[in-house]
Amino acid sequence: MAVLVLVLGSIYFISSRETPATEAVAPSQPTAEAQAGWQPIANARVARDAVAATDADGTIWIFGGMAADNRVTGRHEGYDPAIDSWKSGDALPVPVQHAMAVTWQGTPVVLGGWRTDGSNTRVATDQVWRVVNSRWVSLPPLLQPRAAGAAAVVGDRIIVAGGVDAAGKPLNSTEIFDGSTWKLGAPMPTARQLLAAASDEKLVYAVGGNDGTFDVMAVEVYDPAADTWTSLPPLPQPRSDFGVAIADGRLVAVGGKSGQQVLKSVAALDLSASTWSDLPDMASPRHGLGVAAVGRSVYAIGGSTGPGDGQVTSSAEALKLAARRPQPVTEWRALPDAPTPRLMMAWAVVDDKIWIAGGMRHGETLDVVETYDPQTGDWQQQPSLPVPLHHATAAAYRGQMVVLGGTTENLAEASNKVFTLRDGKWEELPPLKYARAAAAATAIGDKLVVVGGQNEKQLVAPTEVFDGKSWTEAADMPTPREHLAAVSDGTYVYAVGGRFLSADENSGAFERFDPASGEWEKLPNMPTPRGSYGAAYVDGRIVAAGGEEPTRVLATVEMYDIATGKWRSVASLNEARHAEVVAAVGNTVYCIGGADRPSHEGPIATVEALDFT
Numbered sequence: 007m008a009v010l011v012l013v014l015g016s017i018y019f020i021s022s023r024e025t026p027a028t029e030a031v032a033p034s035q036p037t038a039e040a041q042a043g044w045q046p047i048a049n050a051r052v053a054r055d056a057v058a059a060t061d062a063d064g065t066i067w068i069f070g071g072m073a074a075d076n077r078v079t080g081r082h083e084g085y086d087p088a089i090d091s092w093k094s095g096d097a098l099p100v101p102v103q104h105a106m107a108v109t110w111q112g113t114p115v116v117l118g119g120w121r122t123d124g125s126n127t128r129v130a131t132d133q134v135w136r137v138v139n140s141r142w143v144s145l146p147p148l149l150q151p152r153a154a155g156a157a158a159v160v161g162d163r164i165i166v167a168g169g170v171d172a173a174g175k176p177l178n179s180t181e182i183f184d185g186s187t188w189k190l191g192a193p194m195p196t197a198r199q200l201l202a203a204a205s206d207e208k209l210v211y212a213v214g215g216n217d218g219t220f221d222v223m224a225v226e227v228y229d230p231a232a233d234t235w236t237s238l239p240p241l242p243q244p245r246s247d248f249g250v251a252i253a254d255g256r257l258v259a260v261g262g263k264s265g266q267q268v269l270k271s272v273a274a275l276d277l278s279a280s281t282w283s284d285l286p287d288m289a290s291p292r293h294g295l296g297v298a299a300v301g302r303s304v305y306a307i308g309g310s311t312g313p314g315d316g317q318v319t320s321s322a323e324a325l326k327l328a329a330r331r332p333q334p335v336t337e338w339r340a341l342p343d344a345p346t347p348r349l350m351m352a353w354a355v356v357d358d359k360i361w362i363a364g365g366m367r368h369g370e371t372l373d374v375v376e377t378y379d380p381q382t383g384d385w386q387q388q389p390s391l392p393v394p395l396h397h398a399t400a401a402a403y404r405g406q407m408v409v410l411g412g413t414t415e416n417l418a419e420a421s422n423k424v425f426t427l428r429d430g431k432w433e434e435l436p437p438l439k440y441a442r443a444a445a446a447a448t449a450i451g452d453k454l455v456v457v458g459g460q461n462e463k464q465l466v467a468p469t470e471v472f473d474g475k476s477w478t479e480a481a482d483m484p485t486p487r488e489h490l491a492a493v494s495d496g497t498y499v500y501a502v503g504g505r506f507l508s509a510d511e512n513s514g515a516f517e518r519f520d521p522a523s524g525e526w527e528k529l530p531n532m533p534t535p536r537g538s539y540g541a542a543y544v545d546g547r548i549v550a551a552g553g554e555e556p557t558r559v560l561a562t563v564e565m566y567d568i569a570t571g572k573w574r575s576v577a578s579l580n581e582a583r584h585a586e587v588v589a590a591v592g593n594t595v596y597c598i599g600g601a602d603r604p605s606h607e608g609p610i611a612t613v614e615a616l617d618f619t
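Numbering-wise, the sequence shown is residues 7 to 619 according to the working numbering.
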């Protein structure tokens, strides 16, 4: 089969398993912004942990905490990232540690926390203070004393959740302040303290914490409009006494503790895709720190570098997030059916339209060529192939649809013919050196590359490269296979999966070909070995969908991030299938047709799409 790839607005085609693929003219390699590491910024004026933090008008304000002398402090200091300097404000009316802080109606508000009473530094308070004209004023108190909780703002409402009460019991209660009074909201599913919270202006995200015995990974979301809590994917590891901030569509969790380990690790939840990924570690592990975001930069300030409060630090650092890449949504959307149910076809993307050629249907080999316009949803009939073909591959080369190899009847009798559509007519190009079916093809710049396939019941190992005039032979693919997929990122050809002449001998092999050097290298295997499927390239990621095993077809979809070198699962297809079209146009991957059962029966016409947002 063939597969399509999109690179920086251009489209590349890749072929897979039963149907080789097509590709469009490849642009230069995408230049995704690299993620830099944390950088030191001006140290805070005082070392402390157990602080509360919020940002207001581009300044990060730090309140209260535990100082180096083990005393609770009421200090109030602000960091201005624009000039990398600190300034002071009036101290809190009452020194507190593990309070909560938010920016409400443009000014900071500090809520609850532990105050000191004699030698007891953990007396929970219900007090709420707001900065007005550089002075602290009281707001209505919380419904109960609360410390080590979390707070965020949605619209004109302050939402408070979790923490501990005056007796030190973890809370699951939610309180909502509407500007005049506090009221109870729906209880949070997981009672916990030392959690963190942030808002995207619609929802409140309550993250991690400690349930009184263990640190937890829970991520729960409160919707004030519906007064409901829902769960999101948990943190990659338990953590408490940490900070979170939302920046550039991501919820960033920084530092904290996991058991007795103080963390320097940082994780980000993409709020559109609901998936976690790692960000660079901080230079220093710390908990009880202040965390806030301004623009795309996340700031980590102060905290303690040891398990307790005795190793407080004034050090501060900042991480500028690389621009967010679109992420796959959590489910495929259904689209109207294609006109022709079929499997084992070739396809490519030309002029932002998906071209589909040949294939099989109920034992009949097809010469039908159709195009799909994702923008309008329209299908159009195109000139039929010169001969019926299945298990061919295709690519977009020099702006034209090119169909390569395949067979009219038996896979053991593969073709070496190459056809291109010019001015509405199919013409022959120089033939392949090696006849092949179930191969894969893709274009890179002015080169057309064909890999894998089979003929005469043998695997075809040589790699062939077309320069517009003739074919030359390059190094053999390290793992010869057929029914594979191939994609391009504009610099390399990635050969993914496939099989060894039988559906019970699928491969997860993943290898990369460099047309400039003519050499291959091995990459991490795809988690699910598969053949007779499709793959596409989207913004630095390779998406592999569907496939065939001896007794079933797959709905499994996996994605490889070229920058990180890691595979992960993404939303499964709504309908399991193999021998289908998988092509990317813009930030959407389309899956068209194929078969809903193993072998060459069960052709379908269903179409579904996975959007990257």
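The C-beta atom is built at its ideal place from N, Cα and C for all residues, glycine as well.
{"Check": "List in chain order: all unbroken beta strand (DSSP E) runs of 3+ residues lying wholly within the segment 201 to 280.", "Outcome": "202 to 205, 210 to 213, 225 to 229, 234 to 238, 249 to 253, 256 to 260, 272 to 276"}
{"Check": "With distances taken from CA atoms, which of Gly218, Gly405, Thr113, Gly296 is nearest Thr319?", "Outcome": "Gly296"}
{"Check": "Since Thr478 sits in a beta bridge, which residues does DSSP pair it with?", "Outcome": "Val471"}
{"Check": "Considering Cα atoms alone, identify which of Asp358, Arg367, Ala550 is closest to Ala577.", "Outcome": "Ala550"}
{"Check": "Quick one: grab the DSSP three-state call for Tyr440.", "Outcome": "coil"}
{"Check": "Contact check, Asn4 vs Gln199 under 8 angstroms by CB: the rounded distance?", "Outcome": "In this structure the chain extends from 7 to 619, so residue 4 is not present and cannot be described."}
{"Check": "Just reading off the beta strand (DSSP E) that Thr399 is part of, what are its end residues?", "Outcome": "399 to 403"}
{"Check": "Taking DSSP as the reference, what is the three-state secondary structure of Met288?", "Outcome": "coil"}
{"Check": "Within 10 angstroms of its Cβ, does Leu201 collect 16 or more other Cβ (buried), or is it exposed?", "Outcome": "buried"}
{"Check": "For Thr122, which of Glu226, Pro604, Thr79 has the nearest alpha-carbon?", "Outcome": "Thr79"}
{"Check": "With 16 as the cutoff for other CB atoms within 10 Å, does Thr478 come out buried or exposed?", "Outcome": "exposed"}
{"Check": "Across which residues does DSSP place Pro694 in a beta bridge pair?", "Outcome": "What the structure shows of the chain is the stretch from 7 to 619, and residue 694 is not part of that stretch, so it cannot be assessed."}
{"Check": "Where does the unbroken beta strand (DSSP E) through Arg141 begin, and where does it stop?", "Outcome": "141 to 145"}
{"Check": "Distance, Cα to Cα, Arg51 vs Trp92?", "Outcome": "7 angstroms"}
{"Check": "Roughly how many angstroms lie between the CA atoms of Ala167 and Ala224, to the nearest whole one?", "Outcome": "14 angstroms"}
{"Check": "In whole angstroms, give me the CA-to-CA distance for Ser310 and Ser271.", "Outcome": "15 angstroms"}
{"Check": "Please report the Cβ distance between Trp338 and Met407, rounded to the nearest whole angstrom; I am assuming they are in contact, meaning their Cβ atoms lie under 8 angstroms.", "Outcome": "That belief does not hold up - the Cβ atoms of Trp338 and Met407 are roughly 26 angstroms apart, past 8 angstroms."}
{"Check": "Hey, out of Thr594, Asp55, Tyr498, whose CA is closest to Asp247's CA?", "Outcome": "Asp55"}
{"Check": "Pro334 bridges to which residues according to DSSP?", "Outcome": "Phe618"}
{"Check": "Using the beta-carbon count (16 or more within 10 Å), is Leu616 buried or exposed?", "Outcome": "buried"}
{"Check": "When DSSP labels each residue in this structure, what does Thr426 get in the three-state scheme?", "Outcome": "strand"}
{"Check": "Measure the beta-carbon distance from Gly364 to Pro394 and round it to whole angstroms, keeping in mind my assumption that it falls under 8 angstroms.", "Outcome": "6 angstroms"}
{"Check": "Is DSSP giving Ile44 helix, strand or coil here?", "Outcome": "As written in the sequence, residue 44 is Trp, which differs from the Ile given in the question. In this structure, Trp44 counts as coil in the three-state DSSP scheme."}
{"Check": "Cutting at 8 angstroms between CB atoms, please list the residues of its own chain near Pro342, excluding the five before and the five after it.", "Outcome": "Gly383, Val613"}
{"Check": "By the three-class DSSP mapping on this structure, what secondary structure does Leu14 have?", "Outcome": "Unreliable positioning characterises Leu14 in this predicted model, as indicated by a pLDDT of 30, which lies under 50. The coordinate reading is nonetheless provided below. Residue state, collapsed to three classes: coil."}
{"Check": "In chain order, what are the residue ranges of uninterrupted beta strand (DSSP E) at least 3 long that sit wholly in the segment 337 to 385?", "Outcome": "339 to 341, 352 to 356, 359 to 363, 375 to 379"}
{"Check": "Is the segment 588 to 605 close to the segment 349 to 360, with three or more CB pairs under 8 angstroms?", "Outcome": "yes"}
{"Check": "In angstroms, rounded to a whole number, what distance separates the CA positions of Gly84 and Gly294?", "Outcome": "17 angstroms"}
{"Check": "Measure the C-alpha to C-alpha separation of Thr619 and Asn422 and round it to an integer number of angstroms.", "Outcome": "40 angstroms"}
{"Check": "Helix, strand or coil, according to DSSP, for Val595 in the structure here?", "Outcome": "strand"}
{"Check": "Spatial neighbours of Lys572 within its chain, please: C-beta separation below 8 angstroms, excluding the five flanking residues on both sides.", "Outcome": "Pro530, Tyr566"}
{"Check": "Quick one: complete alpha helix (DSSP H) runs, 4+ long, within the segment 530 to 587?", "Outcome": "none"}
{"Check": "Tell me whether Gln460 is buried or exposed, calling it buried when 16 or more other Cβ atoms sit within 10 Å of its Cβ.", "Outcome": "buried"}
{"Check": "Tell me, to the nearest whole angstrom, how far the beta carbon of Ser280 is from that of Thr234; I am working on the premise that it is less than 8 angstroms.", "Outcome": "With 8 angstroms as the limit, Ser280 and Thr234 do not qualify as a contact, their Cβ atoms being about 17 angstroms apart."}
{"Check": "According to DSSP, is Gln150 helix, strand or coil?", "Outcome": "coil"}
{"Check": "Using only the alpha-carbon positions, how far apart do Asp90 and Phe472 sit?", "Outcome": "56 angstroms"}
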